[in-house]
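Residue numbering for the sequence shown follows this note's numbering, starting at 1 and increasing by one per position.
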Amino acid sequence: MTYASIWKFGGAVQRVAAEATAFGDRSMPFMLSLDAIWSNAGDDTNIRWVRDVW
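In structure tokens form, the structure reads like this:
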């Protein structure tokens with residue numbers, strides 16, 4: 001229930017004006033996304049994984 005993804009930015013993505021969307025800064029070549037979900041509030045295994053990787 002955890003994953004990491006790498007998003008490539010460039011081309012049309014970087015040509016959108018910063019003020020055109022809620023996601024303004026598109027100057028980076030890549031974006032790393034670390035995500036975790038969990039169903040048991042007492043189990044922080046997935047939260048800990050994301051924090052450790054970050």
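By construction, the Cβ of each residue, glycine as well, lies at the ideal position given by its N, Cα and C atoms.
From a predicted model like this one, the values you see are computed outputs, not experimental measurements.
Residue i by DSSP, collapsed to three states: which one?
i          : result
residue 43 : coil
residue 36 : strand
Which residues bound the beta strand (DSSP E) around residue i?
i         : result
residue 6 : 2-8
In angstroms, rounded to a whole number, what distance separates the CA positions of residue i and residue j?
i          : j          : result
residue 10 : residue 42 : 40 Å
residue 34 : residue 8  : 15 Å
residue 54 : residue 6  : 13 Å
residue 48 : residue 37 : 11 Å
residue 18 : residue 32 : 19 Å
residue 52 : residue 2  : 12 Å
Considering Cα atoms alone, identify which of the options is closest to residue i.
i          : options        : result
residue 12 : 1, 26, 4, 3    : 26
residue 15 : 52, 51, 39, 29 : 29
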